[in-house]
Amino acid sequence: MKIKSENSVKNTQLLCGFVLENSNKVLGLKKFDSKTTSAINQSLKDMEGKLGRFSIIPIPGKKPAHRILLAGIGKKENLTKDTIRNISGKIAQKARELKLKEFSIIAPPNFVIDQISSVSQIIEGSKMALYKFDKFKSEKVEKSPDLTIVVSKSKKISQTIKTSEIIADGAIFTKSIANLPPNECTPTTLADFAKVISKKNNMKCNIISKLELKKKGFGGITAVGKGSKNEPKLIVLEHNRGKSNEKPIVLVGKAVTFDTGGISLKPGAAMDEMKFDKCGGCTVLGIMKAVSELKLPINVVGIIPSVENMPGGEAYRPGDIVKLFSGKTAEILNTDAEGRLILADALSYGEKHYSPKAIIDFATLTGACIVALGNNVAAIVSNDEKLATKIKDASKKTTESIWELPLTQDFMDMIKSEVADMKNVGIGRAAGTITAAAFLKNAIEKTPWVHVDIAGVAWTQTATKEKSYNPKGATGFGVRLILDYLQNLKN
Ligand code: BES
Ligand code: MN
Ligand code: ZN
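Quick note: the sequence shown uses the numbering used here, first residue 266, plus one each step.
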């Protein structure tokens, strides 16, 4: 799909404009001949600008558009950036359904919503909504129609278009690898993806393999990886476009390519969904891809511990005690609490090796997160209020919702072990998301850190609110969030 902007409506197959509730005009639409105008006015009355309603009006002379599509966006006071993103996605899907080659969307004027940001939402919504995971379907989805945005051209607008396309492509890249089935996506496959994106955009890429992981003391990754024939990998990507003495931001992502639970085997129901247990790592890959394409003038490191959690003759067991990269020991009481073990190694490595400004990690870490916050809000846990506030600010802008949970000493006490420095589970099911985060906190000595538990939001689940730009499957949650944070970093 190609995207461009035009000052005025050129000949288009479908001209789309937004309509506020009970409004008698299409936002930003210039005058048409009287016949068309009265048809538009009739449709405006019929659809009332109600959120999500569409009305399509054919134009007899087909000029300057074959059809006009009116898209209701509801009441002005309820209008958010997400409305424009979601409705733009619906429009794009409609254009594809009509088998169009191209369509045009009129950017709403500034007095309704900041025009620069609505141009971004139109692009994010359209691109993400047109992505479909059809790699394994014989019948492929229709080609995506091209998009023209009708808006006064300026340098700022063309810059916004470029940036938004890269951001949307980052999220789509994350979705497309996160959606891969576990037989087609092992830790080695993810490492290969990392190599490809690093080569394309001049990032450093280092893959640490099984033997070296063991030698270097990555006891968590080594233990969890033991049960599978598909060997564990630690993927490290470096984007170095900041000053050479400037501390980087480290991003860590859990990439369990399949989580059976190991010897503490999960029940069979919906176990297939554990192919999505690599989503945190895929999020980091998508962010790194976009960061490098945007050529952001900062240093960013992506660290992705990747394993397959399988039962088997060599698998780690409940009762084992493993030594993590930090030097601390962990008693394994449940092999299904594997994410924290591989993340702890990666977090300690990131802090020790890079002395970063901040560490942010993404992980489909706990089922408890879904119990606490459902399928539309991610949990965050942090050791640094300032950093947490920055991530919350970014979240408001990208409408990827997060909610902070507390991490006090009492929670740290809940993971104390009788026989090792800590245990890999808390006390029963109590505060499962926080006790997992407490385990991670022990891996970090002093660096500001935010942990994002994306268990509920990384892919569409039973209570996921429907969004055009999140078709069934992986959502790419976190990619837009962290790119916003990174773009606004003050150097
Ligand atoms: N990957 C799962 C968490 C998960 C479960 C995410 C369902 C999304 C949907 C994680 O590895 C896990 O199994 N966690 C256990 C921890 C428990 C054994 C302490 C859980 O949440 O049940
Ligand atoms: Mn697990
Ligand atoms: Zn897991």
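Even for Gly, the Cβ is constructed at its ideal location relative to N, Cα and C.
Less than 9 Å between the C-beta atoms of residue i and residue j, yes or no?
i    : j    : result
S733 : N306 : no
T425 : I381 : yes
S571 : S591 : no
A520 : G546 : yes
V744 : I414 : no
T594 : Y581 : no
M539 : H504 : no
L285 : I371 : no
L412 : I378 : no
T428 : K498 : no
A644 : Y750 : no
A695 : M677 : no
A637 : L670 : yes
A443 : K543 : yes
A436 : G551 : yes
M266 : G741 : no
S493 : M553 : no
L344 : G282 : no
E616 : V515 : yes
K711 : Y619 : no
N289 : S417 : no
A459 : I473 : no
V717 : I625 : yes
K465 : E496 : no
A708 : L530 : no
M312 : S320 : yes
P373 : I349 : yes
L608 : G485 : yes
Take residue i and list the residues in its own chain whose beta-carbon comes closer than 8 Å to its own, dropping the five residues that flank it on each side.
i    : result
L365 : Q278, L279, P410
S423 : S270
L672 : V646, S647, N648, I699, A702, A703, K706
Y396 : I437, K440, S441, P736
Q358 : A394, L395, S733
K341 : L285, E286, V377
D434 : K392, K554, A555, E558
Name, in chain order, the residues that DSSP records as bridge partners for residue i.
i    : result
S320 : L335
I371 : V415
E271 : V415
F627 : G518, V717
F742 : In the DSSP output, where bridge partners are listed per residue, F742 has none listed.
G282 : L335
A330 : T277
Considering only residues of the same chain and omitting the five flanking positions on each side of residue i, which have a CB-CB separation below 6 Å?
i    : result
L652 : A623, P713, V715
G518 : G545, G546, T548, V549, I569, F627
H331 : Q278
I635 : A720, G721
S447 : Strictly speaking, residue 447 in this sequence is Pro, with Ser absent from that position. Cβ neighbours of P447 beyond the five flanking positions: T522, F523, K540.
T729 : N640
G757 : No answer is possible for residue 757: the residues shown for the chain start at 266 and end at 756.
P323 : R332
T487 : L478, K479
Residue i: which of the options sits nearest, CA to CA?
i    : options                : result
F483 : I324, M677, R605, L309 : R605
K269 : A637, L344, K420, I437 : K420
K560 : G507, I568, P532, G577 : G507
L748 : T664, M679, V684, G691 : T664
N287 : N276, K328, I338       : I338
S463 : V690, C450, G527, V556 : V556
E579 : L589, A602, I528, I607 : I528
K408 : F458, F401, A360       : A360
V384 : M536, A357, K346, S403 : K346
L445 : L478, D399, N466, C470 : D399
E573 : M536, T525, I500       : T525
S391 : S369, P373, K662, D311 : S369
C470 : P621, V565, N510       : V565
G326 : D298, P374, P532       : D298
P621 : D675, S308, S509       : S509
Is there at least one Cβ from chain D nearer than 9 Å to residue i's Cβ?
i    : result
K661 : Judged by its chain identifiers, the structure shown contains no chain D, having just a single protein chain.
Under 7 Å Cβ to Cβ from residue i, same chain only, skipping five residues before and after it: list those, please.
i    : result
N276 : K328, P329
A685 : I586, T594, A595, E596
Q726 : N640
L754 : I563
L598 : P583, K688, N689, V690
To test your reading of the DSSP string, which unbroken alpha helix (DSSP H) runs of 4 or more residues are found completely within the stretch 451-527? If we require 4 residues or more, the alpha helix (DSSP H) runs fully inside the stretch 451-527 come out as 452-465, 475-480, 484-490.
Taking only runs of the beta strand (DSSP E) that begin and end inside the stretch 630-703, which ones reach a length of at least 3 residues, in chain order? Entirely contained in the stretch 630-703, the beta strand (DSSP E) runs reaching 3 residues are, in chain order, 643-647, 667-669.
Can you list every residue whose CB sits closer than 5 Å to some heavy atom of ligand 5, going in chain order? No copy of ligand 5 occurs in the structure displayed; its ligands are ligand 1, ligand 2 and ligand 3 alone.
Those runs of the beta strand (DSSP E) which lie wholly inside the stretch 519-602 and span at least 3 residues: Inside the stretch 519-602, DSSP marks whole beta strand (DSSP E) runs of 3 or more residues at positions 520-524, 564-574, 586-588, 594-596, from first to last along the chain.
Please go through the stretch 336-364 and give each complete alpha helix (DSSP H) segment of 4 or more residues, from N-terminal end onward. 346-362, all fully within the stretch 336-364.
Complete runs of the beta strand (DSSP E) confined to the stretch 377-429 [at least 3 residues]: Entirely contained in the stretch 377-429, the beta strand (DSSP E) runs reaching 3 residues are, in chain order, 411-415.
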